[in-house]
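>
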Amino acid sequence: MGEQVGDWWKLDGHAGELRVRVWPSARPKRLVLICHGYGEHIGRYEHVAAALVEGGATVCGPDHVGHGRSAGERVVIADYEAVVDDVRLAAERVRVEHPDLPLVVIGHSMGGTIATRYAQRHRPDLAGLVLSGPVLGRFETIEQLLALPEIPDIPIDIDTLSRDPEVGAAYAADELVWHGPFRRPTLLAWQRVLDDIAAGPALGDLPVLWVHGEDDPLVPLAGTRAGIAGLGASRLVERTYPGARHELFNEINADEVLAEVTAFVERVTPAAS
Numbered sequence: 017m018g019e020q021v022g023d024w025w026k027l028d029g030h031a032g033e034l035r036v037r038v039w040p041s042a043r044p045k046r047l048v049l050i051c052h053g054y055g056e057h058i059g060r061y062e063h064v065a066a067a068l069v070e071g072g073a074t075v076c077g078p079d080h081v082g083h084g085r086s087a088g089e090r091v092v093i094a095d096y097e098a099v100v101d102d103v104r105l106a107a108e109r110v111r112v113e114h115p116d117l118p119l120v121v122i123g124h125s126m127g128g129t130i131a132t133r134y135a136q137r138h139r140p141d142l143a144g145l146v147l148s149g150p151v152l153g154r155f156e157t158i159e160q161l162l163a164l165p166e167i168p169d170i171p172i173d174i175d176t177l178s179r180d181p182e183v184g185a186a187y188a189a190d191e192l193v194w195h196g197p198f199r200r201p202t203l204l205a206w207q208r209v210l211d212d213i214a215a216g217p218a219l220g221d222l223p224v225l226w227v228h229g230e231d232d233p234l235v236p237l238a239g240t241r242a243g244i245a246g247l248g249a250s251r252l253v254e255r256t257y258p259g260a261r262h263e264l265f266n267e268i269n270a271d272e273v274l275a276e277v278t279a280f281v282e283r284v285t286p287a288a289s
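By the numbering used here, the letter at position 62 of the sequence shown is numbered 78, and the numbering carries on one by one without gaps.
As structure tokens, then:
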């Protein structure tokens, strides 16, 4: 199923070649799939994967269509349901070698939108869901940009990412990161899937960990809180971090956040522990 080249799989995604990074564990107890955020790529999650592998997970994650090393016009996503299909493709690929291991999906920002929709559509696949600064509920940035006759060519403000200035500098220098404007088709599709998520189905007893920076200027806590409340997750754990901005995995307290996430992942996969 697909071709493996070094640490990458090449799969046939909905819009062409889908590149999926894999971090294997020698003796895995669980599987974790990571969904990255808008404009970035899975390579920015090396340290997250390393922490999970140390805890006994085999980890994988795609570069979404139009992102990183995957095919597609840059940052153009016409249909988020098709991206969920791509994520399922990656999950099925990792299950080829480990069919009996429990799976947890982690989604950051836009990846949180994708991971949530995955959980709604494929609830039986999952042992748990982790959402980091997810775009859910009301995301005013989409509304504001779509109201403009032309979307301004303004990249994401690197100061919104982390209190650590080195994170912003590395992001700005990363050639695989998109440094241009938002794309209208992507925003329209994003709004549609947010509406679909709000319509359900509920996540029920699926264990969910939601982590969010209290000073996140890019995806404000209040807007996401309403979306989280609408998920109908009866086993929700919420952790917010004072002073933290958008990229919790790259914040100055990243070790604290990663410890919380890895502990949750291990807790919800006890059968394989």
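No residue lacks a Cβ here, since even glycine has one placed at the ideal position from N, Cα and C.
For HIS80, collect the residues of the same chain with a Cβ closer than 6 Å to its Cβ; drop the 5 residues on either side in sequence, then sort them by chain order.
Excluding residues within five positions, the ones whose Cβ falls inside 6 Å are VAL99.
> Whose C-alpha, out of VAL64, GLU19, VAL103, LEU145, is nearest the C-alpha of LEU252?
Checking every option, the nearest Cα to that of LEU252 belongs to LEU145.
> DSSP three-state label for GLU33, please.
Residue state, collapsed to three classes: strand.
> When you compare the CB positions of VAL183 and LEU177, do they come within less than 7 Å of one another, or not?
Yes; because the gap between Cβ atoms is below 7 Å, this pair is in contact.
> Report yes if the CB atom of VAL77 is closer than 7 Å to the CB atom of ILE58, and no otherwise.
In the sequence as displayed, the identity of residue 77 is Gly instead of Val. In contact: GLY77 and ILE58 (Cβ atoms closer than 7 Å).
> Which whole-angstrom value describes the C-beta separation of LEU234 and HIS262, a residue pair presumed to lie in contact below a C-beta threshold of 8 Å?
LEU234 to HIS262, Cβ: 4 Å. Contact.
> Between GLY18, ASN266, PRO236, which lies nearest to LEU34 when the distance is taken from Cα to Cα?
Out of GLY18, ASN266, PRO236, GLY18 has the C-alpha closest to the C-alpha of LEU34.
> When the Cα atoms are used, what is the spatial distance from ALA42 to TYR96?
The straight-line gap from Cα to Cα measures roughly 33 Å.
> Between the alpha carbons of ALA260 and ALA249, how many angstroms are there, rounded?
In a straight line, the C-alpha of ALA260 is about 24 Å away from that of ALA249.
> For ASP271 and VAL281, what's the separation of their Cα atoms in angstroms?
Cα to Cα, ASP271 sits roughly 15 Å from VAL281.
> Which class does ALA279 belong to by DSSP, given the choice of helix, strand or coil?
Residue state, collapsed to three classes: helix.
> To which residues of the same chain is GLU89 closer than 6 Å at the C-beta, ignoring the five residues directly before and after it?
These residues qualify, in order along the chain: GLY82.
> Taking the straight line between their C-alpha atoms, what separation do you get for LYS45 and GLY128?
Cα-Cα distance, rounded: 24 Å.
> Could you work out which residue in VAL209, ALA65, ILE268, TYR187 is closest to PRO278 when comparing CA atoms only?
According to the sequence shown, residue 278 is Thr rather than Pro. Checking every option, the nearest Cα to that of THR278 belongs to ALA65.
> For THR285, name the three-state secondary structure that DSSP assigns.
It is coil, neither helix nor strand.
> Label ASP211 either buried or exposed according to how many other C-beta atoms from any shown protein chain fall within 10 Å of its C-beta, with 16 as the threshold for buried.
By the neighbour-count rule (16 or more Cβ atoms within 10 Å), ASP211 is not buried but exposed.
> What's the gap between the Cα of GLY153 and the Cα of ILE244?
Approximately 7 Å between the Cα atoms of the pair.
> Who does LYS45 pair with in a DSSP beta bridge?
Bridge partners of LYS45: none, in fact.
> Please name the residue, chosen from ARG283, VAL227, VAL112, ALA242, that lies closest to GLU254 on a Cα-to-Cα basis.
Ranking the options by Cα distance to GLU254, first place goes to VAL227.
> In the DSSP assignment, the alpha helix (DSSP H) including PRO181 goes from what residue to what residue?
Run containing PRO181: 181-189, per the alpha helix (DSSP H) assignment.
> Going by beta carbon distance, what residues of the same chain come within less than 7 Å of GLY239, once the five residues before and after it are set aside?
Within the same chain, GLY239 has close Cβ partners GLY153, ARG154, PHE155, GLU156.
> How about ASP101 and HIS30: are their beta carbons less than 7 Å apart?
Cβ distance < 7 Å, so ASP101 and HIS30 count as in contact.
> What are the start and end residues of the alpha helix (DSSP H) that includes TYR134?
Run containing TYR134: 126-137, per the alpha helix (DSSP H) assignment.
> Determine the closest residue to SER148 out of GLU166, ILE122, TYR187, with distance taken between C-alpha atoms.
SER148 has its Cα closest to that of ILE122, out of GLU166, ILE122, TYR187.
> Helix, strand or coil: which one does DSSP assign to PRO217?
PRO217 falls in the coil class under three-state DSSP.
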